[in-house]
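For the sequence shown, position 43 matches number 43 in the UniProt record's numbering, and the numbering has no gaps at all.
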Amino acid sequence: NDPLMLYQGSYIPVSADLKTKSTTTMFIIGSIFWTLGNVLHVIGLTYAPTSLLGPVNSLGLIITMWLSWQLLGEELNRHLVISSCFTILGIIICLIASLKESQTDLYVTLESWHDSIYLYFGLFLVLTLIVIGATILTSTLHTL
């Protein structure tokens, strides 16, 4: 058995089951679906704006996470579930915002920034980035 190196100094033995024809077949099928999805995405750009298709494509990350949990038995931790919830929330916000009629007048666009929701959303983003940065910094300092 050849070891598979994940991190420096961390080895996991590769079982003979991974070197079968079925994994090659699954890889080919997965590649075909990935290519088909990208072709359909390009076709979809002719029918819908990028502001609508971009958030919907983020849903693919959540579907991949769910499939890996269901089919491959990978573990879901709290951070993955929370980030998935925020991704779904972002998708919903983008879809709702894209359904509104666009305003082309610059004065009307500038006036819309007086709405307090932008301030709360900006504050939420800044606080989220601070928490993520502090978490990464703390975990980095603990490994040193």
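Just so you know, even glycine gets a beta-carbon here, dropped at the ideal spot from N, CA and C.
Exposed or buried, what is residue 55 when buried is set at 16 or more other beta-carbons lying within 10 Å of its beta-carbon? buried
What's the gap between the Cα of residue 36 and the Cα of residue 97? 28 Å
Round the Cβ separation of residue 83 and residue 74 to the nearest angstrom and send it over; I've been treating them as touching at under 8 Å. Wrong, their Cβ atoms sit about 15 Å apart, outside the cutoff.
According to DSSP, is residue 127 helix, strand or coil? helix
Using only CA atoms, which one of 31, 58, 95 lies nearest to residue 87? 58
Would you report the Cα separation of residue 40 and residue 51, rounded to the nearest angstrom? So the two alpha carbons sit approximately 16 Å from each other.
Distance CB(residue 53)-CB(residue 45) smaller than 8 Å: yes
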